[in-house]
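**Student:** Each protein sequence line maps, in turn, to chains A and B.
Just remember that my numbering sits 208 ahead of the position in the first sequence, which is counted from 1.
Just remember that my numbering sits 208 ahead of the position in the second sequence, which is counted from 1.
For glycine and all other residues, C-beta sits at the position ideal for the given N, C-alpha and C.
My questions all concern the structure below.
2 protein chains.
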Amino acid sequence: MHNFLELQEKFDEFFHQKHFPEQPASLYEPLNYFLKLGGKRVRPVMCLMGNELFEEINPDAYPMAVAVELFHNFTLIHDDIMDKAPLRRGMSTVHAKYGEPTALLGGDVMLVVAYEYLKRIDGRYLKKILSLFNQTAMEVCEGQQLDMDFEKKEMVDMHEYIHMISLKTSVLLAASLRMGAILGGAGEGNQQHIYQFGKKLGIAFQVQDDYLDAFGDPEKFGKQVGGDIMSNKKTFLLIHALETAGKEGKKELTSLMESDRPDKVEKVLAFFRQCGIDAWARELKEKYIREAIGHLDEIAVTSVRKKPLTDLMHYLVQRDK
Amino acid sequence: MHNFLELQEKFDEFFHQKHFPEQPASLYEPLNYFLKLGGKRVRPVMCLMGNELFEEINPDAYPMAVAVELFHNFTLIHDDIMDKAPLRRGMSTVHAKYGEPTALLGGDVMLVVAYEYLKRIDGRYLKKILSLFNQTAMEVCEGQQLDMDFEKKEMVDMHEYIHMISLKTSVLLAASLRMGAILGGAGEGNQQHIYQFGKKLGIAFQVQDDYLDAFGDPEKFGKQVGGDIMSNKKTFLLIHALETAGKEGKKELTSLMESDRPDKVEKVLAFFRQCGIDAWARELKEKYIREAIGHLDEIAVTSVRKKPLTDLMHYLVQRDK
Chain A
209 MHNFLELQEK FDEFFHQKHF PEQPASLYEP LNYFLKLGGK RVRPVMCLMG NELFEEINPD
269 AYPMAVAVEL FHNFTLIHDD IMDKAPLRRG MSTVHAKYGE PTALLGGDVM LVVAYEYLKR
329 IDGRYLKKIL SLFNQTAMEV CEGQQLDMDF EKKEMVDMHE YIHMISLKTS VLLAASLRMG
389 AILGGAGEGN QQHIYQFGKK LGIAFQVQDD YLDAFGDPEK FGKQVGGDIM SNKKTFLLIH
449 ALETAGKEGK KELTSLMESD RPDKVEKVLA FFRQCGIDAW ARELKEKYIR EAIGHLDEIA
509 VTSVRKKPLT DLMHYLVQRD K
Chain B
209 MHNFLELQEK FDEFFHQKHF PEQPASLYEP LNYFLKLGGK RVRPVMCLMG NELFEEINPD
269 AYPMAVAVEL FHNFTLIHDD IMDKAPLRRG MSTVHAKYGE PTALLGGDVM LVVAYEYLKR
329 IDGRYLKKIL SLFNQTAMEV CEGQQLDMDF EKKEMVDMHE YIHMISLKTS VLLAASLRMG
389 AILGGAGEGN QQHIYQFGKK LGIAFQVQDD YLDAFGDPEK FGKQVGGDIM SNKKTFLLIH
449 ALETAGKEGK KELTSLMESD RPDKVEKVLA FFRQCGIDAW ARELKEKYIR EAIGHLDEIA
509 VTSVRKKPLT DLMHYLVQRD K
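Written as structure tokens, this is what we have:
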């Protein structure tokens, strides 16, 4: 059994190779640039962990993990175009540095290369894994579309928001674990539990992300606290506040959000605290963590094999924070 | 054996089904719109023809042909974004009608659905076909990138141009035939000949396209004659003219291209005729047709089986025109 850092190192060793041809450099160099920006490689490590939960690591898990990481990077490159984002990890995005057409085409070809890595998987597992990968890829695109749709909508209810967040971020975490489990020979029941563990964990992570953007310690958070409030982003916090504040409260919050007063963030945070949104969000995160743990408990392998996944969970979502 | 129209009808019957989920309609409806714009379905028919050259049509040839057609449409949607094209087949392009983000994301998801169709192929052939499909998809992206690079380059030589055109348009025709041949159980030699037949045919078609844009009958051509000259597009004709016109001629042609005089098209055409570019282009097309036929001749099946491919060739490239 290996822990997160060990698997990250194993993956990096394998990932540190040429993924693209040399020419035309105008197409492939921007992709090498983007991959060098780094990242925690959470998804490929989850592929390896899902695999090792059931069996010693199958050599095919490495190309599969590369496929997942390339897919994730493809979505980042294209999302950055759609969001007109100038920076990613403190560096220029691909379209900002090389132009939109190259970023678009580069993302496309990165997706094709992801499938070329998937193709290496043994024929016994290939179709099952392709199915799950395709289904997940479609869902991730659907999540991004819903996210864009929601920006134009006045009201989004909690049910819709959780659905969107699940598609946009959770299903890829869930599928990474399950793809590993398939390669490890897991049965259908165990596969479903590991998938649900990943999905619930992903939602808990997103609740935490929304929470920290509002209530996080600016020193530790790394991003500007209050950014979501400044940009009127629909988050777990805002949606719940609008749903529970009552008619007058809703009016007050809406008018605060629409204003550009200098103390907007401060005022909205005070409003959130007054309604107990901070405590509610901590409890919501706890609820998803408990559900995730429930699914992990149901997986029919010895507890010791589950340790890396429990550690991963604590790494991604800090409890009581 | 079936001819082009029969195979087109068979394909359309299979293609006329839902390829995408209902929801979110904001993502999938634009794709249904685009597919309804139609097209000659040349590539999927080539999948079926490549298959029937060797064997009765394998049922897996239909989902494979759908994958190729969806891939082709994905490239059109994304190319239209890159080229900022407002119209395709006389109708609004996806990005013009639904916005760039949706066109980008819709293209992405269409590519994923193409892979979902490929997944249906029998395990005996799946990896070989995925390999060829992935290789081809990468080449098509490379061709599009080179095409964009060439727009910014002052001089492009004939060798580079033929390389770009092969990647951008010919390899997908060639691969469609070869994917069909793989499903038909063709050996390596036959596969290579059918691939080269498609590739040479594709280049001949592009020479013809460049030729007709300059010298075609406006009544029959369907597009504005002289469009390439108006937009200073690098074509077989222009590149050859610049390479062979001598120092003075090159100067004259360059200054004509850079001008926006009302008789620019007329003057450039006169220049082309004076240098014999029209006759040269007809001969170049003939040369590629002869090479295509040479590869078809080498395929070890009875002549009668080759008839649909010969007819397809005459449909795509008219000789002595």
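When you compare only the Cα positions, how much space is there between Val-274(B) and Phe-479(B)?
**Tutor:** Here residue 274(B) refers to the residue found at position 66 of the second sequence. Here residue 479(B) refers to the residue found at position 271 of the second sequence. Approximately 45 angstroms, taken between the alpha carbons.
**Student:** Within the segment 226-260 of chain B, note down every full alpha helix (DSSP H) run reaching 4 residues or more, in order along the chain.
**Tutor:** 233-244 and 250-260
**Student:** How would you call Gly-258(B), buried or exposed, if buried means at least 16 neighbouring beta carbons within 10 angstroms?
**Tutor:** Counting from 1 along the second sequence, the entry for residue 258(B) is found at position 50. Gly-258(B) should be labelled buried.
**Student:** Using CA coordinates, which residue listed in Leu-409(B), Arg-490(B) and Asp-519(B) is at the minimum distance from His-503(B)?
**Tutor:** Mapped onto the second sequence, residue 503(B) falls at position 295. It is Leu-409(B) whose Cα lies nearest to the Cα of His-503(B).
**Student:** Output needed for Leu-375(B): all residues of its chain with C-beta closer than 6 angstroms, excluding positions within five of it in sequence on either side, in chain order.
**Tutor:** Residue numbering aside, residue 375(B) sits at position 167 when the second sequence is read from its first letter. So the list reads Glu-347, Glu-350 and Gly-351, once near-sequence residues are dropped.
**Student:** Can you name, in chain order, every residue of its own chain whose Cβ lies under 8 angstroms from the Cβ of Leu-326(B), other than the five neighbours on each side?
**Tutor:** Locating residue 326(B) in the second sequence gives position 118, where the first residue counts as 1. Same-chain partners within the cutoff: Pro-271, Met-272, Ala-275, Leu-334, Ile-337, Leu-338 and Phe-341.
**Student:** Taking only the alpha-carbon atoms, compute the straight-line gap between Thr-518(B) and Ala-389(B) and give it to the nearest angstrom.
**Tutor:** As a first step, residue 518(B) is located in the second sequence; it is residue number 310 there, counting from the start. As a first step, residue 389(B) is located in the second sequence; it is residue number 181 there, counting from the start. Using only the alpha carbons, I get a separation of about 16 angstroms.
**Student:** In chain B, what lies closer than 9 angstroms to Asn-342(A) by C-beta?
**Tutor:** The residue given as residue 342(A) occupies position 134 in the first sequence. Per Cβ cutoff of 9 angstroms: Val-320, Val-321, Tyr-323, Glu-324 and Lys-327.
**Student:** Under the three-state reduction of DSSP, which class applies to Ser-439(A): helix, strand or coil?
**Tutor:** The count along the first sequence starts at 1 and reaches residue 439(A) at position 231. Three-state DSSP puts Ser-439(A) in coil, outside helix and strand.
**Student:** Establish whether the CB of Val-364(B) and some CB of chain A are separated by less than 8 angstroms.
**Tutor:** As a first step, residue 364(B) must be located in the second sequence, where it is residue number 156. For Val-364(B), the answer is no, since every Cβ of chain A falls outside 8 angstroms of its Cβ.
**Student:** Looking at the ligand NAD, does it come within less than 7 angstroms of Glu-230(A), judged from the CB to the closest heavy atom?
**Tutor:** Summarising the ligand content, the structure contains no ligands, and the ligand NAD is consequently not present.
**Student:** Quick check on this structure: which residue in Val-433(B), Gln-216(B), Ala-487(B) and Glu-474(B) has the alpha carbon closest to the alpha carbon of Glu-277(B)?
**Tutor:** Residue 277(B) sits at position 69 when you count from the first residue of the second sequence. Out of Val-433(B), Gln-216(B), Ala-487(B) and Glu-474(B), Gln-216(B) has the C-alpha closest to the C-alpha of Glu-277(B).
**Student:** For the alpha helix (DSSP H) that Met-534(A) lies in, which residues bound it at each end?
**Tutor:** Chain A is shown only over 209 to 529; residue 534(A) falls outside these bounds and no answer can be derived.
**Student:** Within the chosen definition, does the segment 399-408 of chain B reach the segment 466-482 of chain B through at least 3 CB pairs nearer than 8 angstroms?
**Tutor:** no
**Student:** Mind checking Glu-260(B): buried by the 16 CB within 10 Å criterion, or exposed?
**Tutor:** Walking along the second sequence from the start, residue 260(B) turns up at place 52. By the neighbour-count rule (16 or more Cβ atoms within 10 Å), Glu-260(B) is buried.
**Student:** If we count the other Cβ atoms within 10 Å of its Cβ and call it buried at 16 or more, is Asp-537(B) buried or exposed?
**Tutor:** A question about residue 537(B) goes unanswered here, because the residues of chain B that appear run from 209 up to 529.
**Student:** Return the Cβ separation of Ala-449(B) and Ile-485(B) in integer angstroms, given the expectation that the two are a contact with Cβ distance under 8 angstroms.
**Tutor:** The residue given as residue 449(B) occupies position 241 in the second sequence. The residue given as residue 485(B) occupies position 277 in the second sequence. With 8 angstroms as the limit, Ala-449(B) and Ile-485(B) qualify as a contact, their Cβ atoms being about 5 angstroms apart.
**Student:** Which residues of the segment 253-278 of chain B have a Cβ closer than 7 angstroms to any Cβ of chain A? Give them in chain order.
**Tutor:** none
**Student:** The alpha helix (DSSP H) that contains Asn-266(A), what's its start and end?
**Tutor:** In the first sequence, residue 266(A) corresponds to position 58, counting from 1. It is not in any alpha helix (DSSP H) - Asn-266(A) carries neither H nor E in the DSSP assignment.
**Student:** Since Ile-497(A) and Ala-412(A) should fall inside the 8 angstroms C-beta cutoff, what is the C-beta to C-beta distance between them, to a whole number of angstroms?
**Tutor:** Residue 497(A) sits at position 289 when you count from the first residue of the first sequence. Residue 412(A) sits at position 204 when you count from the first residue of the first sequence. Going by Cβ atoms, the distance from Ile-497(A) to Ala-412(A) rounds to 5 angstroms, so yes, they are a contact pair.
**Student:** Express the C-alpha separation of Ile-447(A) and Ala-453(A) in angstroms, rounding to a whole number.
**Tutor:** Here residue 453(A) refers to the residue found at position 245 of the first sequence. Here residue 447(A) refers to the residue found at position 239 of the first sequence. Using only the alpha carbons, I get a separation of about 10 angstroms.
**Student:** Okay, do the segment 227-235 of chain B and the segment 356-376 of chain B touch, 3+ Cβ pairs below 8 angstroms being the bar?
**Tutor:** no
**Student:** I think Leu-354(B) touches His-280(B), with their Cβ atoms under 8 angstroms apart; what is that distance to the nearest whole Å?
**Tutor:** Numbered from 1 along the second sequence, position 146 holds the residue referred to as residue 354(B). Numbered from 1 along the second sequence, position 72 holds the residue referred to as residue 280(B). A Cβ-Cβ separation of about 18 angstroms leaves Leu-354(B) out of contact with His-280(B) under the 8 angstroms criterion.
**Student:** Please classify Gln-416(A) as buried or exposed, where buried requires at least 16 neighbouring CB atoms within 10 angstroms.
**Tutor:** Position 208 of the first sequence holds residue 416(A). With 16 or more other Cβ atoms from the protein chains shown falling within 10 Å of its own Cβ, Gln-416(A) counts as buried.
**Student:** Residues of chain A with CB under 9 angstroms from Ser-234(B), in chain order?
**Tutor:** Locating residue 234(B) in the second sequence gives position 26, where the first residue counts as 1. The contacting residues are Gln-353, Leu-354, Met-356 and Asp-357.
**Student:** What is the DSSP secondary structure of Met-363(B), counted as helix, strand or coil?
**Tutor:** Position 155 of the second sequence, counting from 1, holds the residue named residue 363(B). Residue state, collapsed to three classes: coil.
**Student:** Distance, Cα to Cα, Thr-510(B) vs Leu-295(B)?
**Tutor:** One-based indexing of the second sequence puts residue 510(B) at position 302. One-based indexing of the second sequence puts residue 295(B) at position 87. Using only the alpha carbons, I get a separation of about 44 angstroms.
**Student:** Leaving aside the five residues before and after Tyr-523(B) along the sequence, list all residues of the same chain whose C-beta is less than 7 angstroms from its C-beta, in chain order.
**Tutor:** Along the second sequence, read from residue 1 onward, the residue named residue 523(B) stands at position 315. The answer, listed in chain order, is Phe-212.
**Student:** If Ala-345(B) and Val-320(A) are in contact, beta carbons under 8 angstroms, what's the gap, nearest whole angstrom?
**Tutor:** Mapped onto the second sequence, residue 345(B) falls at position 137. Mapped onto the first sequence, residue 320(A) falls at position 112. Contact annotation, Ala-345(B) with Val-320(A): C-beta distance approximately 4 angstroms; criterion of less than 8 angstroms satisfied.
**Student:** Let me check understanding here. Comparing Cα to Cα, which of Val-525(A), Lys-218(A) and Ala-500(A) lies closest to Lys-514(A)?
**Tutor:** Along the first sequence, read from residue 1 onward, the residue named residue 514(A) stands at position 306. Measuring from the Cα of Lys-514(A), the nearest candidate turns out to be Ala-500(A).
**Student:** So is Glu-427(A) buried or exposed if we call it buried at 16+ other beta carbons inside 10 Å?
**Tutor:** If you number the first sequence from 1, residue 427(A) lands on position 219. Counting Cβ neighbours within 10 Å, Glu-427(A) comes out exposed, since fewer than 16 surround it.
**Student:** Have a look at Leu-385(A) and Met-363(B) and give me their C-alpha separation to the nearest angstrom.
**Tutor:** As a first step, residue 385(A) must be located in the first sequence, where it is residue number 177. As a first step, residue 363(B) must be located in the second sequence, where it is residue number 155. Counting only the Cα atoms, Met-363(B) lies some 51 angstroms from Leu-385(A).
**Student:** Can you give the beta carbon distance from Ala-322(B) to Phe-282(B), rounded, assuming they're within the 8 angstroms contact cut?
**Tutor:** Counting from 1 along the second sequence, the entry for residue 322(B) is found at position 114. Counting from 1 along the second sequence, the entry for residue 282(B) is found at position 74. Right, their Cβ atoms sit about 7 angstroms apart.
**Student:** So, is Asp-288(B) buried or exposed, given that buried needs 16 or more other C-beta atoms within 10 angstroms?
**Tutor:** Counting from 1 along the second sequence, the entry for residue 288(B) is found at position 80. Buried, because 16 or more other Cβ atoms sit within 10 Å of the Cβ of Asp-288(B).
**Student:** Can you tell me which of the three DSSP states Lys-529(B) falls into?
**Tutor:** Counting from 1 along the second sequence, the entry for residue 529(B) is found at position 321. Note that Lys-529(B) scores a pLDDT of 48, beneath 50, so its modelled location is shaky; the value from the coordinates is reported in the next line. If DSSP states are grouped into helix, strand and coil, Lys-529(B) belongs with coil.
**Student:** Chain A partners of Leu-477(B), CB-CB under 7 angstroms?
**Tutor:** Translated into positions along the second sequence, residue 477(B) becomes position 269. Ordered by position in chain A, no residue passes the 7 angstroms Cβ test against Leu-477(B), which lies about 31 angstroms from the chain.
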